[in-house]
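Every letter in the sequence shown is one number past the one before it in my numbering, and letter 116, counting from 1, is 234. Where is the CB? At the ideal position from N, CA and C, for every residue including glycine. Notes to accompany the following structure.
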Amino acid sequence: NGQADPAATHQKLLDNKNLVFFSNPSAQFPAFDALVPVLRGLPRETAVVLVRTPVYENALPRPGTPGDYTQKECAKAIDGLAAQCPNVRIIDLLTHGPVSADTANFYDIQHHRAPVATMIEGMIVKQLGHWHGMRPASPN
């Protein structure tokens with residue numbers, strides 16, 4: 119019928135190992151600097167959860183590369199932002215691990231599927247529950 123097999127196309131995309139992670143040798147992240155006063159301006163009872171969402175492992179930088187340096191510096195910058203804003207929590211899933219290693223979790227190298235989104239949602243709820251000193255309400 120002239121159409122590619124969707125499963126084969128998906129696997130081919132995920133198997134691409136020629137990706138280059140964005141590099142930022144300056145390790146400057148001005149957006150984070152601009153975000154600090156916004157977050158500090160929120161009422162103290164307003165909890166904020168910042169999420170670095172997962173990508174498929176082939177989209178993550180290889181160790182020792184400029185992209186790996188950028189990735190680590192970005193994570194440090196976000197941690198520094200959270201240290202300046204006591205109402206901010208971080209969930210960092212932009213790492214190698216079980217989520218990033220499973221092709222079933224992704225439509226392509228950077229877009230996760232609904233089960234991952236549901237997992238992230240649960241993590242956010244848990245963070246908010248800890249922040250407010252309460253257990254998350256049951257969905258019933």
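Closest Cα partner of residue i within the set the options
i: V173; options: H230, G159, D197; result: H230
i: A177; options: I227, A125, H248, E191; result: I227
i: F147; options: G182, G198, T164; result: G198
i: A152; options: G185, F140, I196; result: I196
i: G159; options: G240, L168, V206, N223; result: V206
i: R162; options: P204, L212, I208; result: P204
i: M237; options: W249, F150, P216; result: P216
i: I208; options: H248, A125, A126, K130; result: H248
i: K244; options: A165, P143, L132; result: A165
i: N223; options: F150, Y187, V154, E175; result: E175
i: K130; options: A232, G240, Y187, Y225; result: Y225
i: R180; options: A126, L246, F139; result: F139
i: P143; options: E239, A232, G182; result: G182
i: L246; options: V169, D186, N134, A232; result: V169
Proximity of residue i and residue j at Cβ, strictly below 8 Å
i: A193; j: D210; result: yes
i: I242; j: V167; result: yes
i: P184; j: S141; result: yes
i: E191; j: A145; result: yes
Identity of the residues DSSP links to residue i by a beta bridge
i: D323; result: Nothing in the structure corresponds to residue 323, since the chain is present only between 119 and 258.
i: H230; result: F224
8 Å contact criterion, which residue i and residue j should meet: CB distance rounded
i: V154; j: Q189; result: Contact flag wrong, Cβ pair sits at about 21 Å.
i: T213; j: L132; result: Rounded, the Cβ-Cβ distance is 17 Å, inconsistent with contact.
Contact test: residue i Cβ vs the ligand SAM heavy atom, cutoff 7 Å
i: D226; result: Among the components of this structure there are no ligands whatsoever, and the ligand SAM is therefore not found.
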